[in-house]
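J.: First the structure, which I've put down as structure tokens, then a few questions once you've had a look.
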Amino acid sequence: MIKRSYIGLDLGAGQMTAVALQRSRPAVRLGGVRSEAFAGILEPSSRQPNVTDPRRFVEVLKRVLDPLSGGEERVALSLPDRLGRLYLLETEAAFKTRQEGIDILKWRLKGNLPAPPQQVQIDYQVMERREDGRQRCIVAAIARPVIEQFEELFEAAGRHAVRVDFHSLCLYNYYQPRLDLGEEFFLVGVENGQLEMMYFAGKVLAYHRVRDLRAEPEPLFRELSRSLADAAATHPVMQRCPVFAHFDPDLPATLREVLASTLEREVRVLDPQLKRFAGGATIGLPANGGVLAAISAAEQLMLT
């Protein structure tokens with residue numbers, strides 16, 4: 585019996601990584617991983633279509649996905665954070681319907697959206713509901729020209745992008761069910777070309793910041809210092825909470841020292857635990873952010 589594959593794809597500025605997961609016992613099976621670097625195809629933008637060479641993009645997409653999919657057309661997509669916006673908002677009352685929530689949130693954000701409100705697609709998740717009726721939401725926004733181009737190109741490759749998330753949230757969603765991070769913590773992701781910083785209070789995301797960054801000591805120190813000052817202005821207690829970190833495996837160990845010295849506390853480097861997956865695809869597999877985000881996207885698709 586051929587088992588259904590759940591496909592997750594992480595799209596970086598210059599790298600496409602896809603994985604195939606299959607239900608199995610006692611552990612989910614990692615059926616395969618494919619990755620391909622590309623250049624001159626994509627120019628990241630939060631306002632306009634990103635793919636500058638659609639034909640080559642579709643060719644790369646098919647080379648990456650076809651050997652994994654087994655005829656499966658559905659794909660969960662992890663997009664670079666800079667292609668959209670992420671907001672943390674508090675509302676005074678619960679929404680009567682999901683569409684009402686979208687309309688209210690879009691109106692509240694109308695001056696901060698990546699494009700005019702009528703050209704923006706938003707989605708949201710209620711993270712916390714309080715006894716007084718107030719609720720805290722995480723809101724994702726992306727310009728329609730951006731997401732519609734990707735949807736069209738996936739269809740040209742014979743696929744459907746049925747679920748879309750941002751890379752930083754996929755990275756968090758990978759680690760969250762595997763490790764006990766506690767009620768309050770600071771999560772830092774140091775990857776080739778990107779730095780993610782997320783602060784959680786009561787297991788609810790309270791601060792989020794993503795920056796493009798050269799993986800070198802001096803740029804890392806400067807950006808961490810700026811981000812900590814920014815976060816501490818609204819969340820002073822975060823200066824005492826535990827810190828967890830993801831590091832891409834090919835980055836120099838000196839960056840871990842920079843992180844610990846800048847934060848002035850112990851940094852617990854997270855173990856991605858790829859060996860827990862069944863199958864042989866994990867042998868020699870680098871646990872970088874692209875691989876983990878693609879796995880996380882596939883896992884979320886498996887849950888729907």
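In the numbering used here, the protein residues as written are 585 to 888. All C-beta atoms in this analysis are idealised placements derived from N, C-alpha and C, irrespective of residue type, glycine included. None of these values were measured; they are calculated from a predicted model.
#1: Are the beta-carbon atoms belonging to V851 and L804 less than 8 Å from one another?
#2: Give every residue of the same chain whose Cβ lies closer than 7 Å to the Cβ of Q857, excluding the five residues on either side of it in the sequence, and list them in chain order.
#3: Use the C-beta contact count for N946: other C-beta atoms within 10 angstroms, 16 or more gives buried, fewer gives exposed.
#4: CB Y783 to CB L876, shorter than 8 Å?
#5: According to DSSP, is G655 helix, strand or coil?
#6: Tell me, please, whether the stretch 691-703 touches the stretch 609-626 by the rule of three or more beta-carbon pairs shorter than 8 Å.
#7: Which residues does DSSP pair with Y708 in a beta bridge?
#8: So, with DSSP's three-state summary, where would you put T775?
#9: E657 to R743, Cα distance in whole Å?
#10: Can you name, in chain order, every residue of its own chain whose Cβ lies under 6 Å from the Cβ of E775, other than the five neighbours on each side?
#11: Which class does E802 belong to by DSSP, given the choice of helix, strand or coil?
#12: Using DSSP with H/G/I as helix, E/B as strand and the rest coil, what is G873?
#13: By a C-beta neighbour count over all protein chains shown, 10 Å radius and 16 as the cutoff for buried, is E883 buried or exposed?
#14: Tell me the DSSP bridge mates of M781?
#15: Nearest to G615 by CA position, among G592, L839, Y756, is which residue?
#16: Where DSSP assigns a beta bridge to S619, which residues make up the other side?
#17: Quick check on DSSP: helix, strand or coil for F738?
#18: Report yes or no: do three or more beta-carbon pairs, one from the stretch 720-734 and one from the stretch 662-676, lie closer than 8 Å?
#19: For the beta strand (DSSP E) that R666 lies in, which residues bound it at each end?
#20: With distance defined between alpha-carbon atoms, name the residue in R609, S630, D716, V642 nearest to E620.
#21: Which residue's Cα is closest to the Cα of A799: E767, T838, A817?
#22: Look up R713 in the DSSP assignment and give the residues it is bridged to.
#23: Grab the span of the alpha helix (DSSP H) containing R692 for me, first residue to last.
#24: Taking the DSSP output, what are the residues bridged to G592?
#25: Should the stretch 817-826 be called in touch with the stretch 766-773, which here means at least 3 C-beta pairs below 8 Å?
#26: Looking at C-alpha atoms only, which residue of S608, A597, V617, K587 is the closest neighbour of I867?
#27: Below 6 Å CB to CB, which residues in the same chain sit around S752 once its five sequence neighbours on both sides are set aside?
#28: So, is G685 buried or exposed, given that buried needs 16 or more other C-beta atoms within 10 angstroms?
T.: In short:
#1: The beta carbons of V851 and L804 sit no closer together than 8 Å.
#2: Result list for Q857: R762, in chain order.
#3: With the chain represented from 585 up to 888, any question about residue 946 goes unanswered, as that position is not in the structure.
#4: Not closer than 8 Å, so no.
#5: DSSP, reduced to helix, strand and coil, places G655 outside both helices and strands of the structure shown, so it counts as coil.
#6: The stretch 691-703 is not in contact with the stretch 609-626.
#7: According to DSSP, which records beta bridges pairwise, Y708 is partnered with V723.
#8: Note that residue 775 corresponds to Glu in the displayed sequence, not to Thr. Of the three classes helix, strand and coil, the one that applies to E775 here is strand, per DSSP.
#9: When only Cα atoms are considered, E657 and R743 end up about 5 Å apart.
#10: The answer, listed in chain order, is D832, G873.
#11: DSSP, read as helix, strand or coil, puts E802 in helix.
#12: Correct three-state label for G873: helix.
#13: Around the C-beta of E883, 16 or more other C-beta atoms lie within 10 Å, and the residue is accordingly described as buried.
#14: According to DSSP, M781 bridges with V772, R793.
#15: Residue G592 holds the alpha-carbon nearest to the alpha-carbon of G615 among G592, L839, Y756.
#16: The partner list for S619 (beta bridge, DSSP) reads T601.
#17: Looking at F738 - three-state DSSP - the assignment turns out to be helix.
#18: The answer is yes - the stretch 662-676 touches the stretch 720-734, with three or more Cβ pairs under 8 Å.
#19: That residue, R666, is in no beta strand (DSSP E); it is neither H nor E in DSSP.
#20: Ranking R609, S630, D716, V642 by Cα distance to E620 puts V642 first.
#21: Between A799 and the set E767, T838, A817, the nearest pair of CA atoms involves T838.
#22: Per DSSP, Q719.
#23: For R692, the enclosing alpha helix (DSSP H) begins and ends at 682-692.
#24: In DSSP, G592 forms a bridge with V603, A660.
#25: Contact holds: three or more Cβ-Cβ distances are below 8 Å.
#26: For the residues S608, A597, V617, K587, the minimum Cα distance to I867 belongs to V617.
#27: Closer than 6 Å at Cβ, skipping near neighbours: D665, E780, V794.
#28: Per the 10 Å Cβ criterion, buried.
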